[in-house]
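Visitor: Take a look at this one; I'll ask things after.
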Amino acid sequence: MNVGIDIGGTFVKFAFEENGSIKTEKILIKDYIEKKDIEGFLNEVLFILKDKNIKKLGIAVAGLLNKSKGYVEISPNIKPIEKYPIVDFFRENLKAEIYIENDANAAALGEYIYGNGKNSNILITLTLGTGLGSGAVINGKLLSGVNGVAMELGHTTVEKNGWRCHCGRNGCLESYVSSYGLERIYYMLTDKKIISSEIVSLANEGNTKALEAFEIFNDYLSTGLMNITHIFNPDKIILSGGIVEHYPILVKMAYSKLKEKAFPVSIEDLDIDISKLGEYSGAYGALALTKGGES
Ligand SMILES: [Zn+2]
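Right under this line is the structure:
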């Protein structure tokens with residue numbers, strides 16, 4: 015069978031394909047990552063895979079890849095995986111063909127092949143999670159970049175002297191449009207430090223400050239979307255991640271704010287949608303890698 019795995023800082027998610035049907039599963043690896051025990055978690059993944067007669071394995075992983083060396087060069091959220099030869103590890107242990115891609119790029123491919131991005135000509139995906147991931151599938155092809163590091167939209171500047179981003183720069187889109195961005199906005203308004211899922215719950219209950227935080231959050235999100243539409247003129251943008259999953263009205267808010275900002279013609283044929291694959295879009299995308307992007 016063919017399998018896609020999505021390695022994140024907290025979970026490894028799997029998409030198994032056999033006889034035309036796909037099953038998903040996830041395992042918690044947070045403890046291994048905290049203990050910097052990369053081999054511990056890779057062996058656990060291997061244990062799940064090794065009796066399955068795997069022909070092709072697709073790997074989606076959070077971070078900037080070095081594809082020619084078969085490892086992750088920089089991964090702020092999975093530090094210990096940096097420069098570990100994961101492609102060789104799986105190739106040697108599974109005797110399978112291995113494909114690797116950045117998780118956000120893989121997620122875009124997953125949405126294109128299996129999700130709400132089917133038949134889109136220019137598809138952009140944005141994942142609002144711990145960070146802000148993004149990917150593009152253009153005329154059926156993943157835009158990976160010459161070095162595999164294209165589509166770092168989260169690290170494009172929206173405030174020249176803005177907030178510090180996890181990448182070390184200032185004013186990146188991610189420093190506002192992510193879970194930590196939302197937490198900062200809420201803190202700025204209230205002097206209270208609470209986690210993003212609590213802010214989402216408060217907003218859903220109609221709490222004024224939480225709603226205000228989302229207005230500011232959406233102002234940055236829509237600026238990011240305007241930049242995207244002015245560069246790509248897409249027909250589909252898919253938003254995913256915990257924030258939008260639990261606060262889906264954000265999709266409508268973002269579209270109406272984008273209308274105020276973008277060239278009207280650039281959004282004439284644009285549809286903004288929520289992800290159908292949810293947290294498994296990266297695993298589905300990793301699976302899609304094993305078929306060269308075709309379902
Ligand atoms: Zn950044």
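Numbers 15 to 309, taken from the numbering used here, label the letters of the sequence shown in order. Every residue gets a Cβ at the ideal spot worked out from N, C-alpha and C, and that includes glycine.
Name the DSSP beta bridge partners of R178, please?
Guide: Answer is N184, bridged to R178.
Visitor: Flag this pair as yes or no: are the beta carbons of S89 and G77 separated by less than 8 Å?
Guide: The beta carbons of S89 and G77 sit closer together than 8 Å.
Visitor: What residue range does the alpha helix (DSSP H) around T243 cover?
Guide: T222 to F246
Visitor: Quick one: Cα of I208 to Cα of Y200, how far?
Guide: 8 Å
Visitor: Taking the beta strand (DSSP E) that D45 falls in, what are its first and last residues?
Guide: Careful: D45 lies outside any beta strand (DSSP E), inside the alpha helix (DSSP H) at K44 to E48.
Visitor: Buried or exposed: D285, going by 16 or more other Cβ atoms within 10 Å of its Cβ?
Guide: Exposed, by the Cβ-count rule.
Visitor: Is it the case that the CB of G168 approaches a heavy atom of ligand 1 more closely than 7 Å?
Guide: yes
Visitor: Start and end of the alpha helix (DSSP H) containing A297?
Guide: S295 to L303
Visitor: Run through DSSP, which three-state label would S270 get?
Guide: helix
Visitor: Indicate, with yes or no, if ligand 1 has a heavy atom lying under 7 Å from the CB of E188.
Guide: yes
Visitor: How would you call S309, buried or exposed, if buried means at least 16 neighbouring beta carbons within 10 angstroms?
Guide: Confidence is the limiting factor: at S309 the pLDDT is only 48, short of 50, which leaves the residue's position unreliable, though a coordinate-based value still follows. Under this definition S309 is an exposed residue.
Visitor: Whose C-alpha, out of Y85, E39, I21 and D249, is nearest the C-alpha of K97?
Guide: Nearest option by C-alpha distance: Y85.
Visitor: Once DSSP output is grouped into helix, strand and coil, what is the label at V279?
Guide: helix
Visitor: Would you kindly report the start and end of the unbroken beta strand (DSSP E) that includes D65?
Guide: Segment: none, D65 is in no beta strand (DSSP E) and carries neither H nor E.
Visitor: Restricting to Cα atoms, I'd like to know which of G159, M15 and I245 is closest to V279.
Guide: I245 is the residue among G159, M15 and I245 whose C-alpha sits nearest the C-alpha of V279.
Visitor: Please indicate yes or no: does the CB of R198 lie closer than 7 Å to some heavy atom of ligand 1?
Guide: no
Visitor: Who are V17's beta bridge partners in DSSP?
Guide: Answer by DSSP bridge pairing, in chain order: F30 and L71.
Visitor: With a CB to CB cut of under 6 Å and the five nearest residues on each side skipped, what residues in its chain are close to H169?
Guide: C181 and C186
Visitor: Straight-line CA distance for G147 to G296?
Guide: Rounded to the nearest angstrom, the gap between the Cα atoms of G147 and G296 is 11 Å.
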